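*Asks:* Have a look at this one before I ask anything.
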Amino acid sequence: MHWPYIGQCSSIEEIECGAVNVTYKVHARHTYFLRGYQTLTDAQILQSHQIQRSLATQLPFVIAPCFTEKALTLIKFNGASYALYSAAHGKSVSKLSSVQAQSAGFALALVHSALVQHDGSAFPTITLSWEKEVWLRKLETIIKQIRQAPTSDDSYWAMRRAEQQQEYLANNNSEHQYKIVTQRQLIHGDYHQANLFFDRHNAVSGLIDWDLLQNMPRAYDVIRACAYMFQMDPLLSSAFISGYTSQLPLTAEELIDDGARAWGMYADHHIWPLEQVYLHNNVAAKRFFPNQDFLPFSQQWCRVAYHLKNDKDIR
1 MHWPYIGQCS SIEEIECGAV NVTYKVHARH TYFLRGYQTL TDAQILQSHQ IQRSLATQLP
61 FVIAPCFTEK ALTLIKFNGA SYALYSAAHG KSVSKLSSVQ AQSAGFALAL VHSALVQHDG
121 SAFPTITLSW EKEVWLRKLE TIIKQIRQAP TSDDSYWAMR RAEQQQEYLA NNNSEHQYKI
181 VTQRQLIHGD YHQANLFFDR HNAVSGLIDW DLLQNMPRAY DVIRACAYMF QMDPLLSSAF
241 ISGYTSQLPL TAEELIDDGA RAWGMYADHH IWPLEQVYLH NNVAAKRFFP NQDFLPFSQQ
301 WCRVAYHLKN DKDIR
């Protein structure tokens with residue numbers, strides 16, 4: 001037993017909460033979660049753990065890995081890497097209210113303020129460049145696989161979205177690369193409601209899952225969160241951005257000229273969920289593509305930008 005202080009373990013169950021790594025719920029004196037890593041190197045995991053533990057001393061809502069009896073945060077079992085986490089306080093919310101959206105934005109600003117102090121050289125920097133013909137062939141491969149899948153609402157929308165995305169990217173006016181012009185720093189990279197918990201006052205009380213730490217502009221992380229959490233709903237996205245900028249300002253250049261363009265370039269080329277489901281049989285990734293039409297990000301963003309302009313939420 002690597003964590004004897006948690007007491008007798010009454011049961012352990014695998015839970016479906018991630019599309020890549022595996023997590024087990026551990027029932028002991030208190031509830032814990034055992035995370036099995038499948039994508040990061042041990043060096044990356046350990047550096048991420050150090051960052052999480054550092055942040056947890058500044059931000060109580062950051063859930064850091066537990067120490068073993070040998071003061072380690074990472075163990076090896078049958079060649080795999082694992083870490084134990086305490087359960088977050090508060091509740092998980094699938095659809096946020098405007099108050100919760102604002103709180104989530106405020107919390108992300110606190111996270112960014114703390115992360116800027118850390119070296120991110122061990123973590124990825126995303127290059128926003130894709131070869132058009134290669135990406136079109138990838139989508140064609142996915143579409144062929146979807147055609148062979150059993151008929152369902154999910155496969156219908158997956159096919160529809162893949163064909164729409166393919167048509168958009170094939171257009172001569174579509175762009176396939178973007179060079180970031182504002183400052184990069186370490187960001188959370190996976191900030192959305194499944195990784196957040198809220199207390200009874202609707203403040204963020206827990207933040208988990210640091211597997212996608214990366215070096216990108218702050219505004220990229222902000223707009224990515226709006227896309228995943230609110231599907232760019234103007235009211236909720238504006239509330240989130242307002243909460244963020246109340247703590248950490250963003251200029252119009254950072255948010256609109258660079259952050260939105262950077263995330264938009266990534267989002268328009270994003271096919272990972274489709275690849276995971278239809279090429280690798282990872283059904284957990286289905287939750288990352290909605291049953292609705294594919295829209296180029298510029299069309300999604302314009303509604304939010306209009307709302308922000310009228311409300312003057314950009315500082």
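No gaps in the numbering here: position 261 of the sequence shown is 261 in UniProt numbering, and each next residue is one more. All C-beta atoms, glycine included, are put in the ideal place defined by N, C-alpha and C. Computed from a prediction, not measured in an experiment: that's the story for all the values here.
#1: Would you tell me roughly how many angstroms separate the C-alpha atoms of Phe297 and Tyr178, rounded to the nearest one?
#2: Return the first residue and the last residue of the alpha helix (DSSP H) that Phe230 is part of.
#3: Return helix, strand or coil for Glu13, following the three-state DSSP convention.
#4: What number of angstroms, rounded off, separates the C-alpha of His49 from the C-alpha of Phe289?
#5: Please classify Ile314: is it buried, with 16 or more other beta-carbons within 10 angstroms of its beta-carbon, or exposed?
#6: If you measure between the beta carbons of Leu279 and Val62, is that distance less than 8 Å?
#7: Provide the residue(s) that pair with Gln185 in DSSP beta bridges, ordered along the chain.
#8: In the structure shown, what three-state DSSP assignment does Ser129 receive?
#9: Could you say if the region 164-179 and the region 97-105 meet the contact criterion of at least three C-beta pairs nearer than 8 Å?
#10: Where does Arg287 sit, in a helix, a strand or coil, going by DSSP?
#11: For the 8 Å Cβ check, are there 3 or more pairs between the region 151-168 and the region 202-222?
#12: Exposed or buried, which one is Asp42 when buried takes at least 16 other CB atoms within 10 Å?
#13: Could you say which of Asp293, Trp3, Asn195 and Tyr37 lies nearest to Gly79 if we only look at CA atoms?
#14: Name the one or two DSSP bridge partners that Ser81 has.
#15: So what does DSSP say about Phe197, is it helix, strand or coil?
#16: Would you call the CB atoms of Trp157 and His188 closer than 8 Å?
#17: Count Cβ pairs between the region 111-125 and the region 209-226 that sit closer than 8 Å; are there 3 or more?
#18: Going by C-alpha to C-alpha distance, which of His269, Trp301 and Ser97 sits closest to Leu128?
#19: Between Ser155 and the rest of its own chain, which residues show a CB-CB distance below 7 Å, the 5 nearest in sequence each way excluded?
#20: Between Val22 and the rest of its own chain, which residues show a CB-CB distance below 6 Å, the 5 nearest in sequence each way excluded?
#21: The ligand GDP heavy atoms versus the CB of Asp209: any closer than 7 Å?
#22: Taking a contact to mean a Cβ-Cβ separation below 8 Å, would you say Ser86 touches His2 in this structure?
#23: Work out the CA separation of Arg224 and Trp263 for me, nearest whole Å.
#24: Indicate whether Ser238 and His307 have their beta-carbon atoms separated by less than 8 Å.
#25: Any idea what DSSP makes of Tyr191, helix, strand or coil?
#26: Let me confirm a value: Asp153 is counted as buried when at least 16 other C-beta atoms fall within 10 Å, else exposed. Which label applies?
#27: Tell me where the alpha helix (DSSP H) around Val111 begins and ends.
*Replies:* Checking against the coordinates, here is how it stands:
#1: As a working mapping, residue 297 is identified with position 297 in the sequence shown. As a working mapping, residue 178 is identified with position 178 in the sequence shown. Using only the alpha carbons, I get a separation of about 14 Å.
#2: Here residue 230 corresponds to residue number 230 of the sequence shown, with the count starting at 1. That run of the alpha helix (DSSP H) goes Arg218 to Phe230.
#3: In the sequence shown, the residue the question calls residue 13 occupies position 13. Strand at Glu13.
#4: Here the question's residue 49 lines up with position 49 in the sequence shown. Here the question's residue 289 lines up with position 289 in the sequence shown. Here the alpha carbons of Phe289 and His49 stand approximately 30 Å from one another.
#5: Within the sequence shown, numbered from 1, the residue matching residue 314 stands at position 314. Any reading at Ile314 needs caution, since the residue's pLDDT is 49, under 50, leaving its predicted position unreliable; the model's value is listed next. Here Ile314 is buried: its Cβ has 16 or more other Cβ atoms, across all protein chains shown, within 10 Å.
#6: Taking the sequence shown and counting its residues from 1, the one referred to as residue 279 is at position 279. Taking the sequence shown and counting its residues from 1, the one referred to as residue 62 is at position 62. For Leu279 and Val62, no; Cβs fall outside 8 Å.
#7: As a first step, residue 185 must be located in the sequence shown, where it is residue number 185. DSSP lists Met216 as partners of Gln185.
#8: What you label residue 129 is simply residue 129 of the sequence shown in a count that begins at 1. In the displayed model, Ser129 falls within a strand according to three-state DSSP.
#9: These segments do not touch.
#10: Counted from its first residue, the sequence shown places residue 287 at position 287. Arg287: helix per DSSP, three-state reduction.
#11: no
#12: Position 42 of the sequence shown, counting from 1, holds the residue named residue 42. Its Cβ having fewer than 16 others within 10 Å, Asp42 is exposed.
#13: The residue labelled residue 79 in the question sits at position 79 within the sequence shown. The option with the nearest alpha carbon to Gly79 is Tyr37.
#14: Stepping through the sequence shown from its first residue, residue 81 is reached at position 81. DSSP lists Tyr37 and Lys76 as partners of Ser81.
#15: The residue labelled residue 197 in the question sits at position 197 within the sequence shown. Strand.
#16: Residue mapping note: residue 157 aligns to position 157 of the sequence shown, counting from 1. Residue mapping note: residue 188 aligns to position 188 of the sequence shown, counting from 1. No. Outside cutoff.
#17: yes
#18: Looking up residue 128 in the sequence shown gives position 128. Leu128 has its Cα closest to that of His269, out of His269, Trp301 and Ser97.
#19: As a first step, residue 155 is located in the sequence shown; it is residue number 155 there, counting from the start. Only Ile146 and Ala149 meet the Cβ criterion.
#20: By one-based count along the sequence shown, residue 22 stands at place 22. Here the set comprises Gly36.
#21: This structure simply doesn't include the ligand GDP, nor any ligand for that matter.
#22: One-based indexing of the sequence shown puts residue 86 at position 86. One-based indexing of the sequence shown puts residue 2 at position 2. Taking 8 Å as the Cβ cut-off, Ser86 and His2 do not qualify as a contacting pair.
#23: Along the sequence shown, read from residue 1 onward, the residue named residue 263 stands at position 263. Along the sequence shown, read from residue 1 onward, the residue named residue 224 stands at position 224. Roughly 6 Å between the two C-alpha positions.
#24: One-based indexing of the sequence shown puts residue 238 at position 238. One-based indexing of the sequence shown puts residue 307 at position 307. Yes, the Cβ-Cβ distance between Ser238 and His307 is below 8 Å.
#25: The count along the sequence shown starts at 1 and reaches residue 191 at position 191. Coil at Tyr191, not helix or strand.
#26: For this step, residue 153 is matched to residue 153 along the sequence shown. Classification of Asp153: exposed, given that the 10 Å Cβ count is below 16.
#27: To locate residue 111, count along the sequence shown from 1; it is residue 111. Following the DSSP letters along the chain, one finds Val111 inside the alpha helix (DSSP H) bounded by residues Ser98 to Leu115.
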